[in-house]
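So the structure is just underneath, and the comments pick up after that.
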Amino acid sequence: MSTFNGLPAHILLNHFVVVLGPLAAVLAILCVVWPAARRRLIWLVLLLAVGTLVLTPLTTTAGVWLSARVGAPSPVLTNHEQLGSTLIYIVAALAATVTALAVLHVREARGVDMKLTLHAVVGVLVVIAAVATLVQIYRVGDSGARAAWGNVTSSGQ
């Protein structure tokens, strides 16, 4: 599955990660700070976070395949590969913390008395994971765009 309809799969898959990851992160923060949003969106956010978690290694694997076919790796491409290989850990943290938030939501909906401290800790962890996801997806995407398009824009064309 390294190509799809004649195009490198990495080029197509990365768009899913670049859209779904930040969307999951922003909505996760919204679920932390606004209980009404959590009641309506928590399952969508969990689906987006887990979906991003599944798509991330597919995207990086397709990227490794593509990298082997573009010739000698440039420093910019090497940087992109290194940043991309760390993304799975950050997205996993987002999926795990959103799962914890969903568990709290279910327990609360069932009438289980939840400690405010637990809500606060999970909320802070969700926000940290969400911000880290936003930052790392930006860094990976920026380095990938520079690897793909840096020569075009620097030559003035």
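Counted from 1, the sequence shown has number 88 at position 88 by full-length UniProt numbering; the numbering is strictly sequential. Every residue gets a Cβ at the ideal spot worked out from N, C-alpha and C, and that includes glycine.
Closest by C-alpha distance to Pro8, out of Leu77, Leu66, Arg39, is Leu66. Thr99 is not a Cβ neighbour of Val126, given a cutoff of 7 Å.
Taken through DSSP and simplified to helix, strand or coil, Pro75 comes out as helix.
If the five residues before and after Val45 are omitted, its C-beta is found closer than 7 Å to the C-beta atoms of Ala24, Leu27, Ala28, Cys31, Val98, all from its own chain and listed in chain order. Rounded to the nearest angstrom, the Cβ distance from Ala93 to Ala132 is 7 Å, consistent with a contact under 8 Å. Ile11 places its beta carbon 7 Å or farther from that of Pro57. For the pair Ala95 and Val50, the CB atoms are nearer than the 7 Å cut-off. The C-beta distance from Arg139 to Val76 rounds to 13 Å, too long to fall under 8 Å, and the pair is not in contact. For Arg39, the uninterrupted alpha helix (DSSP H) segment begins and ends at 35-67.
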